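Letter by letter, the sequence shown follows residues 301 to 1451 in my numbering.
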Amino acid sequence: MSVNQHTHAGPPYGQPQPGYQGYQQPAYGGQPLPGVPHAQYGAYNGPMPGYQQPVPPQGYFPSLGFPSKGSPVSLNSDTSLAPNFIGKFRALPTSGAPPPASGTSLPSGHQGYSQFGQGDVQNGIPTSTAPMQRPPASQPFLPGSAPAPVSQPSTFQQYGPPPSSVQQLSNHMAGMTIGSTSISAPPPAGLGYGPPTSVPPVSGSFSATGSGLYTPYTASQGPPPPSVPQGLPLAQPPFSGQPVPTQRLPTEVPGFAPPPSSTGIGPSSYPPSTGAPRLPPMPGPPLSGQTVAGPPMSQPNHVSSPPPPSTLSGPHPGPPMSGLHGPPPPTHPPQPGYQMQQNGSFGQVRGPQPNYGGAYPGTPNYGSQPGPPPPKRLDPDSIPSPIQVIEDDRSNRGSEPFVTGVRGQVPPLVTTNFLVKDQGNASPRYIRCTSYNIPCTSDMAKQSQVPLAAVIKPLATLPPEETLPYLVDHGESGPVRCNRCKAYMCPFMQFIEGGRRFQCCFCSCVTEVPAHYFQHLDHTGKRVDFYDRPELSLGSYEFLATVDYCKNNKFPSPPAFIFMIDVSYNAVKSGLVRLICEELKSILDYLPREGNMEESAIRVGFVTYNKVLHFYNVKSSLAQPQMMVVSDVADMFVPLLDGFLVNVNESRTVIASLLDQIPEMFADTRETETVFGPVIQAGLEALKAAECAGKLFIFHTSLPIAEAPGKLKNRDDKKLINTDKEKALFQPQTSFYNNLAKDCVAQGCCVDLFLFPNQYLDVATLGVVTYQTGGSIYKYAYFQLETDQDRFLNDLRRDVQKEVGFDAVMRVRTSTGIRATDFFGAFYMSNTTDVEMAGLDCDKTITVEFKHDDKLSEDSGALLQCALLYTSCAGQRRLRIHNLSLNCCTQLADLYRNCETDTLINYLAKYAYRGVLNSPVKAVRDSLINQCAQILACYRKNCASPSSAGQLILPECMKLLPVYLNCVLKSDVLQPGPEVTTDDRAYIRQLVTSMDVAETNVFFYPRLLPLTKADVDSDSLPAAIRNSEERLSKGDIYLLENGLNIFVWVGVNVQQGLIQNLFGVSSFSQISNTLSTLPVLENPFSKKVRSIIDMLHLQRSRYMKLIIVKQEDKLEMLFKHFLVEDKSLTGGASYVDFLCHMHKEIRQLLS
301 MSVNQHTHAG PPYGQPQPGY QGYQQPAYGG QPLPGVPHAQ YGAYNGPMPG YQQPVPPQGY
361 FPSLGFPSKG SPVSLNSDTS LAPNFIGKFR ALPTSGAPPP ASGTSLPSGH QGYSQFGQGD
421 VQNGIPTSTA PMQRPPASQP FLPGSAPAPV SQPSTFQQYG PPPSSVQQLS NHMAGMTIGS
481 TSISAPPPAG LGYGPPTSVP PVSGSFSATG SGLYTPYTAS QGPPPPSVPQ GLPLAQPPFS
541 GQPVPTQRLP TEVPGFAPPP SSTGIGPSSY PPSTGAPRLP PMPGPPLSGQ TVAGPPMSQP
601 NHVSSPPPPS TLSGPHPGPP MSGLHGPPPP THPPQPGYQM QQNGSFGQVR GPQPNYGGAY
661 PGTPNYGSQP GPPPPKRLDP DSIPSPIQVI EDDRSNRGSE PFVTGVRGQV PPLVTTNFLV
721 KDQGNASPRY IRCTSYNIPC TSDMAKQSQV PLAAVIKPLA TLPPEETLPY LVDHGESGPV
781 RCNRCKAYMC PFMQFIEGGR RFQCCFCSCV TEVPAHYFQH LDHTGKRVDF YDRPELSLGS
841 YEFLATVDYC KNNKFPSPPA FIFMIDVSYN AVKSGLVRLI CEELKSILDY LPREGNMEES
901 AIRVGFVTYN KVLHFYNVKS SLAQPQMMVV SDVADMFVPL LDGFLVNVNE SRTVIASLLD
961 QIPEMFADTR ETETVFGPVI QAGLEALKAA ECAGKLFIFH TSLPIAEAPG KLKNRDDKKL
1021 INTDKEKALF QPQTSFYNNL AKDCVAQGCC VDLFLFPNQY LDVATLGVVT YQTGGSIYKY
1081 AYFQLETDQD RFLNDLRRDV QKEVGFDAVM RVRTSTGIRA TDFFGAFYMS NTTDVEMAGL
1141 DCDKTITVEF KHDDKLSEDS GALLQCALLY TSCAGQRRLR IHNLSLNCCT QLADLYRNCE
1201 TDTLINYLAK YAYRGVLNSP VKAVRDSLIN QCAQILACYR KNCASPSSAG QLILPECMKL
1261 LPVYLNCVLK SDVLQPGPEV TTDDRAYIRQ LVTSMDVAET NVFFYPRLLP LTKADVDSDS
1321 LPAAIRNSEE RLSKGDIYLL ENGLNIFVWV GVNVQQGLIQ NLFGVSSFSQ ISNTLSTLPV
1381 LENPFSKKVR SIIDMLHLQR SRYMKLIIVK QEDKLEMLFK HFLVEDKSLT GGASYVDFLC
1441 HMHKEIRQLL S
């Protein structure tokens, strides 16, 4: 589809434009952004000699920097970053006088670039009286100038007169404007495609164009984090009651002709503003077919594209310099900044991009006009930056505790460190929602297409400073519940008749209060023991369950762990069997136990297997362990009861003896074939015989081809990729394992699987039981002791020690008007309401989607109650309850103002990853793009202030939806490269399905840290940079992590001293890329980098594999796969191109 039609995105959402020269681009703060090449051009001081500054063409808003038709173009993101308009919107004077800058005038030369002017103000929607959801972004700060008071932020900080009223930038728009214009129109008269120099820069306008280190679509540095929006400090949202600014991204998409000027503001009204950086003129059109040089552009997947970006910053008519990754050499006059886009946006020129991928066909077709030069490509720094948004949220919301007493509050982002104080709603560590203000009617929900979902992590681990849920014991009568809907007592229940009865907040039924639970009410109608009872004052708590909540009406026995080790030839030869046995000796002392217990109540058992199974009797009274072999794998049974499951302390010597003997017993094995189904059946039978729940830890190496139930064949077929039969690769090849999973869930037998494949293993089938029982899969392809043992042992230790609930059942109740309709995660469902898991650990999430079944009211809001019934590791039956209250709205603007993009992406990824089981991958991708386009088009149509169709306008809290969605679309499950195996795709699909929001956030948009910029004297991490090759400098070392891997990328020009300090070798060529850990060296840089890696490991649920990547080495292709803002080798779009594509989709929906 051609993206050509749309729009260019101008300055980022308020992000500072990347390096603009005049200031060091702040990284976050004033320090120069890491990794950014220094400006190669000096700061701008006025017009460039040699280019005369003609008056702006008509229709050009200097302030916006983009041509506009009528109104400024904006990519409105409801973010407040108006580049130019800072702050709220003032009426724009039409006269030529500069608008008063509220209180501050920027010194000339400073760009008033508020990137985000209003912090988090949401642009676009009038502020509601309700508290703003995200606090205002941190103070934007203009490097160089004093922060302007916010009292009346001027809209444009430029010094030229603001656009005339045509623009109607209502406050809302004050946001960013990245305008784009409508594309197919013929070029307006006044805006010839002449050199854009013709447009005078505005002084306050976006500095984007201007100075800065001219980083060609380079990334070396990201815009400053949003946390520091540049612009005025805004401590609070603009005056309430006024509309909030929206972020407009001017998105002129490359490729479109600017709108006719007739509507624009006359040129005269914009004198060039002083001090503003001037944009270099644009040279003539690139020759057709010529890509203007520049970093390789990624082509959107579906974008038909705009011309290739030119990386040259100034005009450079010469031959394309292809391939530069850094800033290009200054062949042109040293003019800082990006060239002006032809339409006023900034960015480099780029050649047409074909539809997703492919060479650039000749010249772009701009409307029907033949001659004009191709518009330039959107400047990546002018579009919303994840780094900026993350930093903004940290600086605005990381210092204050998040108090949960108010209904419908949007929590800080998952990337922000914050403390939670439970005052009646569950902590966001337990539940996060896609929106905290949900539509009152199903029609409104359908219109917006925003999915209403909650990502619930019932047993989430809390930081040490927060209190664990209190355990409430109501004795034999059990928890107090509503008679009709069976909801549990919670803070939202209403006591009436002096406290003798209560009205249910979910179904409105009135229930008698049991005599033992009666308490008087105070003058406000609250019970006087309100603060003494966790279930009346807190959002999360636990009840001790009575025998009625137990299977067969008897209390459960403590669970058991059974370790089942593959002893076939591959497992023994690789050293794996010996490694597992050695580790088990020590790990058994760390089995999970209840808080104050001296020792764990969990019993353990051991099995080894190849084509047959070996059970071991490790009864404490034996001098030596005894082995019993079951060779009839077709009819599995457990040959012993007494002595198989034992207490670790009692049988310690027998267990140690067994673990010493296993590697020796099988040292000379020649058996290469394995079974798998019977192994799970054996564990299940053992737990049934012991009448307890438990977990199987299975260590397995190969496709189970031996004759036995559950035998599999190798069905791997790369030819199915991109065909309608591709979905078969994700489905199990037999129903045997689905049936086995059902039996395991009924018994509370959870299966954790550790796979060590050297070839295809069929994860899609072997993982079925693990997935449906709530277990975890770990995969170590081509396992080698020296490089993979740390990762495997760390994963095993954590897996054995972590908190797990067994035999779990979860139900989500909702207040009248909505109900839970769909569930995603690792579990089994035998009916439509109960989520059953043989085991649920502290890392697993269940995602629940809600639909309307009636109208909701703004007054009463909506309530969710998640109740999890489970057996603790000590064998205690408990109920964990989490409650959350949400607001309801009749205005779409309120919905869009209270969404959480990270949670939305978590839901969309899970929805898509389930979709590939039944639909062709292309159909899944298209439906994702379509749904997001509908979400954004609905916002544009119903909530944004009127503006030209050429502008891409995004809601403030969804301005990252396009970049994150593009990462999901380019992921290995939905768009695999040739090196991605079928097993990898099945493995990732299962992992993502039970990830929490923090994990999907870093998995889809990895964290990239410039290690050479780390302060060795502080505990903090260096400021992250955007995921693009252009942000990397050859002289630096970077770390990239995505929750599964950590890459350390070393540039070819890194100083020898740094290489010596980090790797202990004297030159780049001597660095070994087979290292799995960094050498322990006694110098500050080595200690700092190792401490950063240790800190990252602690934040993730799996131990990440360390991969050393030297620039220009063969592993670099793998590393580049994770630079998700760039075009991927598999045809995935770059962020810039995808944004253009989304804009085109939105315009089609609106027209």
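Where is the CB? At the ideal position from N, CA and C, for every residue including glycine.
The model shown is predicted, which means the values in this text are computed figures rather than measured ones.
What does the alpha-carbon distance come out to for the pair residue i and residue j?
i: Pro-764; j: Val-1280; result: 39 Å
i: Tyr-1128; j: Val-1148; result: 14 Å
i: Phe-1419; j: Glu-1341; result: 10 Å
i: Thr-1377; j: Ser-1391; result: 12 Å
i: Ser-1434; j: Phe-795; result: 56 Å
i: Arg-1131; j: Gln-1165; result: The residue asked about is misnamed: residue 1131 is Asn in this sequence, not Arg. Looking at the two C-alpha atoms, the distance is approximately 19 Å.
i: Gly-350; j: Ile-683; result: With a pLDDT of only 42 at Gly-350, under the threshold of 50, the placement of this residue in the model should not be trusted; the figure read from the coordinates follows. Distance between the alpha carbons of Gly-350 and Ile-683 is about 30 Å.
i: Pro-249; j: Lys-1151; result: Nothing about residue 249 can be reported from this structure: the residues present for the chain run from 301 to 1451 only.
i: His-820; j: Cys-807; result: 24 Å
i: Leu-996; j: Leu-713; result: 36 Å
i: Leu-1012; j: Ile-1005; result: 6 Å
i: Leu-297; j: Arg-1225; result: Since the first residue shown for the chain is 301 and the last is 1451, residue 297 is missing from the structure and cannot be characterised.
i: Phe-441; j: Leu-1265; result: Bear in mind that the predicted position of Phe-441 carries a pLDDT of just 38, short of 50, making it unreliable; the figure below should be weighed with that in mind. Spanning the two alpha carbons is a distance of roughly 29 Å.
i: Arg-1178; j: Glu-973; result: 43 Å
i: Tyr-1211; j: Ile-1077; result: 20 Å
i: Thr-404; j: Arg-707; result: Unreliable positioning characterises Thr-404 in this predicted model, as indicated by a pLDDT of 41, which lies under 50. A coordinate reading is not provided.
i: Leu-1450; j: Lys-1241; result: 7 Å
i: Ile-735; j: Thr-846; result: Note that residue 735 corresponds to Ser in the displayed sequence, not to Ile. One C-alpha to the other measures close to 36 Å.
i: Lys-1222; j: Gln-1101; result: 41 Å
i: Ala-1323; j: Leu-1309; result: 7 Å
May I ask whether a heavy atom of the ligand ATP can be found less than 8 Å away from the beta carbon of residue i?
i: Met-1404; result: With respect to the ligand ATP, the structure shown offers nothing to examine, as it has no ligands at all.
Do you know whose CA, among the options, lies nearest residue i's CA?
i: Gly-943; options: Asn-949, Gln-926 and Val-933; result: Gln-926
i: Ser-840; options: Ser-727, Glu-898 and Phe-906; result: Ser-727
i: Cys-782; options: Pro-814, Glu-1007 and Phe-1036; result: Pro-814
i: Phe-937; options: Val-946, Ala-956 and Phe-915; result: Phe-915
i: Ala-745; options: Gln-1234, Glu-882 and Lys-1405; result: Gln-1234
i: Leu-1429; options: Glu-1416, Cys-1440, Ser-957 and Asp-1284; result: Glu-1416
i: Val-1436; options: Thr-1114, Pro-1379 and Val-1263; result: Val-1263
i: Gln-1176; options: Leu-1184, Phe-1123, Ser-1157 and Gly-1105; result: Gly-1105
Taking Cβ positions, are residue i and residue j nearer each other than 9 Å?
i: Val-1273; j: Ile-1288; result: yes
i: Arg-729; j: Val-720; result: yes
i: Leu-1423; j: Ser-1328; result: yes
i: Cys-1243; j: Cys-1199; result: no
i: Leu-1096; j: Ile-880; result: yes
i: Phe-802; j: Thr-811; result: yes
i: Ala-1126; j: Tyr-1071; result: yes
i: Tyr-1207; j: Val-828; result: no
i: Cys-1050; j: Gly-1117; result: no
i: Cys-1232; j: Met-1442; result: yes
i: Arg-1180; j: Pro-686; result: no
i: Lys-911; j: Val-954; result: no
Complete runs of the alpha helix (DSSP H) confined to the segment 924–1001 [at least 4 residues]: 952–965 and 977–990
The segment 1181–1198 contacting the segment 1211–1225, beta-carbon criterion three pairs below 8 Å: no
Stretch pair the segment 1368–1376 + the segment 1315–1322: three plus CB contacts closer than 8 Å: In short, these stretches do not touch, since the Cβ pair count stays below three.
The segment 784–794 in contact with the segment 858–866 per 3-pair CB rule at 8 Å: In this structure the segment 784–794 does not touch the segment 858–866; the number of beta carbon pairs closer than 8 Å is below three.
Three CB pairs or more closer than 8 Å across the segment 1301–1315 and the segment 1383–1397: Verdict: yes, contact present.
Completely contained alpha helix (DSSP H) runs for the segment 838–905, where each covers 4 or more residues: 869–873 and 876–887
Those runs of the beta strand (DSSP E) which lie wholly inside the segment 1272–1360 and span at least 3 residues: 1307–1310, 1337–1341 and 1345–1350
Ordered list of alpha helix (DSSP H) runs contained in the segment 720–781, each at least 4 residues: As far as the segment 720–781 is concerned, its whole alpha helix (DSSP H) runs of at least 4 residues are 742–748.
Given 8 Å, three or more beta-carbon pairs between the segment 1403–1410 and the segment 1341–1355: yes
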